[in-house]
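Residues 0 to 83 in numbering that gives the first Met the number 0 are what the sequence shown spells out, letter by letter. Reviewing the structure listed below.
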Amino acid sequence: MKTAVVTTRIEPELKQEVENVLRELGLTTSQAVLLYFKQIALQKGLPFPVKVPDKHNTFIDQLLADPLKIEEFQPLTREEVHER
Numbered sequence: 000m001k002t003a004v005v006t007t008r009i010e011p012e013l014k015q016e017v018e019n020v021l022r023e024l025g026l027t028t029s030q031a032v033l034l035y036f037k038q039i040a041l042q043k044g045l046p047f048p049v050k051v052p053d054k055h056n057t058f059i060d061q062l063l064a065d066p067l068k069i070e071e072f073q074p075l076t077r078e079e080v081h082e083r
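What follows is the structure, given as structure tokens:
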């Protein structure tokens, strides 16, 4: 069977973390990538859900992480909250 080479660039820390997990599973990186590619081919898409982030939730996440970083924050009245 012919093979092709797939090259990608990722952060070294992520690579190491993934390799540690795969080692515990008894898999090489190449085997894991092959499994991933086969699942994409079988499912005709990614084997997990991918969603566009909700702008509202992103704002809330930012606010919870550091309320002082939000430049323009104006409190809403009860009526304004229910209108949205």
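Here a beta-carbon is modelled for each residue, glycine too, at the ideal position from N, C-alpha and C.
Exercise. Looking at C-alpha atoms only, which residue of N56, I39, S29, P46 is the closest neighbour of A3?
Worked result: Scanning N56, I39, S29, P46 for the CA closest to the CA of A3 turns up S29.
Exercise. So Q38 and P48 are in contact, right, with Cβ under 8 Å, and what is the actual spacing, rounded?
Worked result: About 13 Å; that fails the 8 Å criterion.
For this session: Hey, could you find the ends of the alpha helix (DSSP H) P11 is sitting in?
Result: In the DSSP assignment, P11 falls within the unbroken alpha helix (DSSP H) covering 11-24.
Problem set entry | C-alpha distance - T6 paired with M0, whole-angstrom precision | If I take the Cα positions, the gap works out to 20 Å.
Exercise. At which residues does the alpha helix (DSSP H) containing V32 begin and terminate?
Worked result: Taken as a continuous stretch (DSSP letters only), the alpha helix (DSSP H) holding V32 covers 28-42.
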